[in-house]
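Trainee:
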Amino acid sequence: MDRFEFHNMTLTWIHGGVTALDGGAMFGVVPKALWSRKYPVNELNQIELACEPILIQYEGKNYLVDSGVGAGKLNEKQLRNFGVSEESTIEPSLAKVGLQPCDIDAILMTHLHFDHAGGLTKWEGDKLVPVFPNAVIYTTQIEWDEMRNPNIRSKNTYWKENWEPVQHLVKTFEGELEVAPGLKMIHTGGHSEGHAIIRLEQNGEVALHMADIMPTHAHQNPLWVLAYDDYPMTSVFAKEKLLKEALENNYRFIFYHDAYYRMIQWDTSGKEVIDSLERSKEALIK
């Protein structure tokens, strides 16, 4: 598993599954001739997307950012339509760093779409139960409200199987939430109305987890937003503002979905990579 030491924080990417989605949907109105130069695509026009939670070990606590696609919960049609080549193997992944699901103290949910929230629950016999029974699950109030009452569009990704068994563990916030010193959740909207990013700050340095308003390194351009975004212009404006701040101040970016990079740091122009951590697991689409 890949690891990044960020001063007093240790980040480890946990295996939460792999999907392959339509490249056109993932890059919206951007022509394929442009985005395919930056991100590999197969003959079915699919791009590979990791769904890998980030374990943050910090000040004696174990935090997860998102939870993966889950295991044993998708039917054959869903596996095919979402291009799921691998489901979550959370427990074996955590075991490699000496942890069990019960050791997770909190889960920072950037949003609650199935590929981020599917790993919150699992089947135990004929009953769905929490995978992380001792973890507080943080999400924005807006996201939590829509999860439980999805509209005609969002009902395709907000599923009761992913929230009903864990509702007693959920704590919501509005605006910003400092989970721990230097570990903050910030509401952005855009991809979903309740979407949030994660800001890590240590010793004057910052790493941003942009979640699905910048799911891969190839989505750096503020105008390159997903057709899946419910509020694309909100994504554009949020990303534009955050990227300006980040590039001017040499922030790092960390990713949940990128099948090729875990972390990237660009120079102030945004054109040159000055530091990076590649994903050691080889992607199927090259």
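Once you know that position 161 of the sequence shown is 161 in UniProt numbering, the rest is easy, because the numbers rise by one and skip nothing.
For each residue, glycine too, the CB sits at the ideal point set by N, CA and C.
Would S85 be called buried (16 or more neighbouring beta carbons within 10 Å of its own) or exposed?
Mentor: Exposed is the call here.
Trainee: Can you tell me whether A25 is buried or exposed, with buried defined as 16 or more other CB within 10 angstroms of its CB?
Mentor: It is exposed - the Cβ of A25 has fewer than 16 other Cβ atoms within 10 Å.
Trainee: I'd like the span of the alpha helix (DSSP H) that includes P40, first residue to last.
Mentor: Here P40 belongs to no alpha helix (DSSP H), and DSSP marks it neither H nor E.
Trainee: For residue 355, count the other beta carbons within 10 Å of its own beta carbon; 16 or more makes it buried, fewer makes it exposed. Which is it?
Mentor: Outside the displayed range of the chain (1 to 286) lies residue 355, so it cannot be described from this structure.
Trainee: Could you tell me which whole beta strand (DSSP E) segments of length 3 or greater appear in the region 240 to 276?
Mentor: Whole beta strand (DSSP E) segments, 3+ residues: 252 to 254 and 261 to 266.
Trainee: Let me make sure I understand the geometry here. Which of E248, I90 and L277 has the alpha-carbon closest to that of G270?
Mentor: Per the Cα distances, E248.
Trainee: Look at the alpha carbon of K160 and the alpha carbon of S88, and state the distance between them as a whole number of angstroms.
Mentor: Going from the Cα of K160 to the Cα of S88 covers about 19 Å.
Trainee: Give every residue of the same chain whose Cβ lies closer than 6 Å to the Cβ of T142, excluding the five residues on either side of it in the sequence, and list them in chain order.
Mentor: The amino acid occupying residue 142 in the given sequence is Ile; Thr does not appear at that position. Closer than 6 Å at Cβ, skipping near neighbours: E193 and G194.
Trainee: Do three or more CB pairs link the region 217 to 226 to the region 194 to 205 at distances below 8 Å?
Mentor: Touching, no.
Trainee: With DSSP as the reference, identify every bridge partner of Q57, one or two as the case may be.
Mentor: Looking at the DSSP assignment, Q57 forms a beta bridge with T10 and N62.
Trainee: P101 by DSSP, collapsed to three states: which one?
Mentor: If DSSP states are grouped into helix, strand and coil, P101 belongs with the helices.
Trainee: How far does the beta strand (DSSP E) with D22 in it extend, from its first residue to its last?
Mentor: Its beta strand (DSSP E) spans residues V18 to D22.
Trainee: Give the list of continuous beta strand (DSSP E) stretches no shorter than 3 residues that lie fully inside the region 113 to 187.
Mentor: Counting only runs of 3 or more, we get 121 to 124, 127 to 130, 136 to 140, 170 to 173, 176 to 180 and 183 to 187.
Trainee: Could you please give the first and the last residue of the uninterrupted beta strand (DSSP E) stretch that includes A106?
Mentor: Segment A106 to L108, the beta strand (DSSP E) holding A106.
Trainee: Run through DSSP, which three-state label would V236 get?
Mentor: In the structure shown, V236 sits in a helix (DSSP, three-state: H, G or I).
Trainee: Span of the alpha helix (DSSP H) holding E76?
Mentor: Start and end: E76 to N81.
Trainee: For I198, which beta-bridge partners are listed by DSSP?
Mentor: Answer by DSSP bridge pairing, in chain order: M185 and H209.
Trainee: Using 10 angstroms around the beta-carbon of H168, count the other beta-carbons present and answer buried if the total reaches 16, otherwise exposed.
Mentor: Exposed is the call here.
Trainee: Considering only the alpha carbon of each residue, which of G70, H113 and E59 lies closest to D105?
Mentor: Here the closest residue by C-alpha is E59.
Trainee: In whole angstroms, what is the alpha-carbon distance linking M109 and F27?
Mentor: Going from the Cα of M109 to the Cα of F27 covers about 23 Å.
Trainee: Would you kindly work out how many angstroms separate the C-alpha atoms of Y256 and P53, rounded to a whole number?
Mentor: Their backbone Cα atoms lie some 6 Å apart in a straight line.
Trainee: Could you give the first and the last residue of the continuous beta strand (DSSP E) run that contains S47?
Mentor: Note on residue identity: the sequence assigns Ile, not Ser, to residue 47. Unbroken beta strand (DSSP E) run through I47: Q46 to A50.
Trainee: Of the choices T188, F6, H15 and K241, whose alpha-carbon is the least far from that of E91?
Mentor: For the residues T188, F6, H15 and K241, the minimum Cα distance to E91 belongs to H15.
Trainee: Going by beta-carbon coordinates alone, are H187 and T157 separated by less than 7 Å?
Mentor: It is not a contact, given that the beta carbons lie outside the stated cut-off.
Trainee: Using the three-state DSSP reduction, which class does E91 fall into: helix, strand or coil?
Mentor: Reduced to three states, the DSSP call for E91 is helix.
Trainee: Tell me which residue opens and which closes the alpha helix (DSSP H) that K96 is part of.
Mentor: Looking at the DSSP string, K96 is not in any alpha helix (DSSP H), and its letter there is neither H nor E.
Trainee: When you compare the CB positions of W13 and D2, do they come within less than 7 Å of one another, or not?
Mentor: Taking 7 Å as the Cβ cut-off, W13 and D2 qualify as a contacting pair.
Trainee: Check the C-beta distance from L55 over to L49 and give it rounded, since I have them as a contact under 8 Å.
Mentor: Contact doesn't hold; Cβ gap of about 19 Å is too wide.
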